[in-house]
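Report on one structure; see the data block that follows.
Protein chains in written order, with this note's numbering: chain G, 1078 to 1433; chain L, 56 to 387.
Printed below as a string of structure tokens:
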């Protein structure tokens, strides 16, 4: 397995990659994050002083500081992934379904899926309710005309209300990570690691949240409950960095692979606290950690909910860039993940009240 | 008043980066404040007075931030692609000058238009700061800028960028300085991020937990050629807000405000705004709810680089607020 050497801070080890693999393969569609939650609980329990699961299913934990009057720093990562929900059985073994979260609906047909706790394998197929004419072949098939095909054996094990995910198994290919739900299992894996090694000059409050993909819902409640002094949100963000075929410059890439940790200045729901952004950029420059500014506008992270809770919580988001977000498989780079890990760790070491 | 407005509008303070204006306000209000607090998101909160008799805890809010643009990409030749911060229209940004928070200036150009009758969207516009290439360009992705337009005094009328909502800020400063006797405990909130989702109002209202909330912002007018169909016009008085696109004011509070204006013979208008809202809408649903309304300054060309207001409306807004705050709010 790959272990990248680095000057200071953390190194991505084979242990961490194995954890990421388990997290990526685990199924946790919004509202049904059980499998991921189990892994998180087992991983962090030995390292925290308090731990609980709140009413919505968020995992909230506290790791005390070793100093008096410490800064209370919240780390957040959402556990849920986008997926599907079974609506109704039609005929034998065909199930109507809906999407959960913002799935790219152009990319559904012929995708293998796992349904429900037993991970029953199925395929998304289309019902030829009409003969496709030439012009229709160019249009996206509406989800109304798609069905999950489980065959008769599988159908017996599945009922309306069951969730489903893309059936992708995690893989490392060279320097790249390939798997479903790397948005946001990368964030979850990062926060788990930081909990284990976090410096003791701060009170570390962690939230592994639910239901981010359907409206940043878990984070709202988690932040209200923890009420930290500031929040750092770990997520994953799309990289639309493929070259344009006409040779012109791609100017709307959002983020780029191999360009390091993506720091958010403004997205669709949050203006990051400029002091926190400046703080992170200073550290990155000082320690020569690669970073990029995620192109402003659009999208959102748990910070959208967090910064508005109670009397306000200064927040910033940092993401690992990934291609093909919200599809069956995301592609990310080990080196970008390592940059995020190192940058946030250094941030936790150095954060103090003077930043504000 | 004009001089204060002129200073406030020329500050550079897009949503999230309100420092310039906050510092200006702090200097103005320092000696009048009982308690000054800057909260976690940067709202400047000035508390004055305490509740006596039938007085209430009143929250007055005007936002410090203005709309702007943010750099999204620096291309190989040093041109700066941008996106909007808050509601900016592509037909207003075309050909405008901008100034970044670090003081650097530029102008907005656009790609060659196939059809000159269509306004190019932001994707086809860019900021030119005069750089030769990316390495030479002093602007980076994430840098923020506002329209670069100065204050102009036209007599009764004035025009500038960011009258929305520096006039509100100026009004609150004046009320703070002039209000002598009041049974109310008043929080003057100079809020952040109104143009980007009202998170300043949400969090400051939670902290203050007021019994009454009034926003001081701008409203559109119906007095320009073939414009919006609205009763409101420049110079006919500040408005008392009945409703806007984000909220319906508490009718009891509106009644009190109208009665006060009529008794004190203060020119005023009644506001029903179809397009646009204020911080008051967030105060209204804070915690267990708050009765709210607004006093708005009629403003032509809202969210353009040249917003026009009438000085008399602004002065009358101060007078109306003083008349309101001097007495208890009798709303049951």
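For glycine and all other residues, C-beta sits at the position ideal for the given N, C-alpha and C. Given the structure is predicted, the values throughout are model-derived calculations rather than measurements.
Tell me, to the nearest whole angstrom, how far the beta carbon of residue i is from that of residue j; I am working on the premise that it is less than 8 Å.
i, j, result
"residue 64 of chain L", "residue 218 of chain L", "6 Å"
"residue 1113 of chain G", "residue 1156 of chain G", "4 Å"
"residue 242 of chain L", "residue 114 of chain L", "5 Å"
"residue 1304 of chain G", "residue 1318 of chain G", "Wrong, their Cβ atoms sit about 38 Å apart, outside the cutoff."
"residue 362 of chain L", "residue 324 of chain L", "Their Cβ separation, rounded to whole angstroms, is 18 Å, which puts residue 362 of chain L and residue 324 of chain L out of contact at 8 Å."
"residue 223 of chain L", "residue 189 of chain L", "Their Cβ separation, rounded to whole angstroms, is 40 Å, which puts residue 223 of chain L and residue 189 of chain L out of contact at 8 Å."
"residue 127 of chain L", "residue 72 of chain L", "Not really, about 16 Å apart at Cβ, beyond 8 Å."
"residue 1126 of chain G", "residue 1146 of chain G", "Not a contact, Cβ separation roughly 17 Å."
"residue 1244 of chain G", "residue 1137 of chain G", "Actually they are not in contact, since the Cβ atoms of residue 1244 of chain G and residue 1137 of chain G sit about 31 Å apart, beyond 8 Å."
"residue 1284 of chain G", "residue 1102 of chain G", "About 23 Å; that fails the 8 Å criterion."
"residue 1409 of chain G", "residue 1259 of chain G", "5 Å"
"residue 1186 of chain G", "residue 1226 of chain G", "At roughly 11 Å, the Cβ-Cβ gap does not stay under 8 Å, so residue 1186 of chain G and residue 1226 of chain G are not in contact."
"residue 312 of chain L", "residue 295 of chain L", "5 Å"
"residue 143 of chain L", "residue 122 of chain L", "5 Å"
"residue 1150 of chain G", "residue 1307 of chain G", "6 Å"
What residue range does the beta strand (DSSP E) around residue i cover?
i, result
"residue 1151 of chain G", "1148 to 1155"
"residue 91 of chain L", "90 to 93"
"residue 1277 of chain G", "Counting along the chain, residue 1277 of chain G falls outside any beta strand (DSSP E), and DSSP gives it neither H nor E."
"residue 1173 of chain G", "1171 to 1177"
"residue 1198 of chain G", "1197 to 1203"
"residue 1248 of chain G", "1248 to 1250"
"residue 297 of chain L", "294 to 299"
"residue 180 of chain L", "180 to 183"
"residue 324 of chain L", "324 to 327"
"residue 212 of chain L", "212 to 215"
"residue 312 of chain L", "Unbroken run through residue 312 of chain L is the alpha helix (DSSP H), 306 to 318; no beta strand (DSSP E)."
Starting from the beta carbon of residue i, find every residue of chain L whose beta carbon is closer than 7 Å, and list them in chain order.
i, result
"residue 1388 of chain G", "94, 95, 258, 261, 262"
"residue 1373 of chain G", "125, 127, 138, 197"
"residue 1385 of chain G", "254, 257, 258"
"residue 1366 of chain G", "Near residue 1366 of chain G there are no residues of chain L at all, since even the closest Cβ is about 17 Å away, more than 7 Å."
"residue 1351 of chain G", "71, 72"
In the DSSP assignment, find the unbroken alpha helix (DSSP H) run with residue i in it and report its ends.
i, result
"residue 1396 of chain G", "Careful: residue 1396 of chain G lies outside any alpha helix (DSSP H), inside the beta strand (DSSP E) at 1392 to 1399."
"residue 254 of chain L", "254 to 263"
"residue 1270 of chain G", "1259 to 1274"
"residue 1381 of chain G", "1380 to 1383"
"residue 1356 of chain G", "1351 to 1364"
"residue 1424 of chain G", "1411 to 1427"
"residue 168 of chain L", "Counting along the chain, residue 168 of chain L falls outside any alpha helix (DSSP H), and DSSP gives it neither H nor E."
"residue 1113 of chain G", "1111 to 1121"
"residue 221 of chain L", "218 to 233"
"residue 383 of chain L", "Premise fails: residue 383 of chain L is in no alpha helix (DSSP H) and is neither H nor E."
Would a C-beta distance cut-off of 8 Å place residue i and residue j closer than the cut-off?
i, j, result
"residue 1405 of chain G", "residue 1194 of chain G", "no"
"residue 353 of chain L", "residue 289 of chain L", "yes"
"residue 1367 of chain G", "residue 1336 of chain G", "yes"
"residue 1417 of chain G", "residue 1338 of chain G", "yes"
"residue 265 of chain L", "residue 110 of chain L", "no"
"residue 60 of chain L", "residue 154 of chain L", "no"
"residue 212 of chain L", "residue 365 of chain L", "yes"
"residue 1220 of chain G", "residue 1176 of chain G", "yes"
"residue 259 of chain L", "residue 74 of chain L", "no"
"residue 1427 of chain G", "residue 1360 of chain G", "yes"
"residue 150 of chain L", "residue 129 of chain L", "no"
"residue 94 of chain L", "residue 1389 of chain G", "yes"
"residue 1341 of chain G", "residue 1294 of chain G", "no"
"residue 348 of chain L", "residue 305 of chain L", "yes"
"residue 1397 of chain G", "residue 1379 of chain G", "no"
"residue 1383 of chain G", "residue 1131 of chain G", "no"
Just the chain L side, please: which residues come within less than 9 Å of residue i by C-beta, in chain order?
i, result
"residue 1328 of chain G", "127, 128, 130, 136, 178"
"residue 1417 of chain G", "Correct list: empty, because the minimum Cβ distance to chain L is about 17 Å."
"residue 1343 of chain G", "70, 71, 125, 138, 140, 197, 199, 251"
Using a Cβ cut-off of 7 Å, pull out every chain G residue sitting near residue i, in sequence order please.
i, result
"residue 251 of chain L", "1348"
"residue 221 of chain L", "Here the premise fails: no neighbours, minimum Cβ distance about 19 Å."
List, in chain order, every chain C residue whose beta-carbon is nearer than 7 Å to that of residue i.
i, result
"residue 102 of chain L", "The structure shown contains no chain C; its protein chains are G and L."
What does residue i reach in chain L if we use C-beta pairs closer than 8 Å?
i, result
"residue 1391 of chain G", "95, 96"
"residue 1370 of chain G", "195, 196, 197"
Just the chain G side, please: which residues come within less than 8 Å of residue i by C-beta, in chain order?
i, result
"residue 248 of chain L", "1348"
Would you check whether the ligand MG has a heavy atom nearer than 7 Å to the C-beta of residue i?
i, result
"residue 1275 of chain G", "Absence of the ligand MG is noted for the structure shown, with no ligands found whatsoever."
Worksheet item: Given a limit of 7 Å on CB to CB distance, which residues of the segment 66 to 85 of chain L reach chain G?
Response: 70, 71, 72
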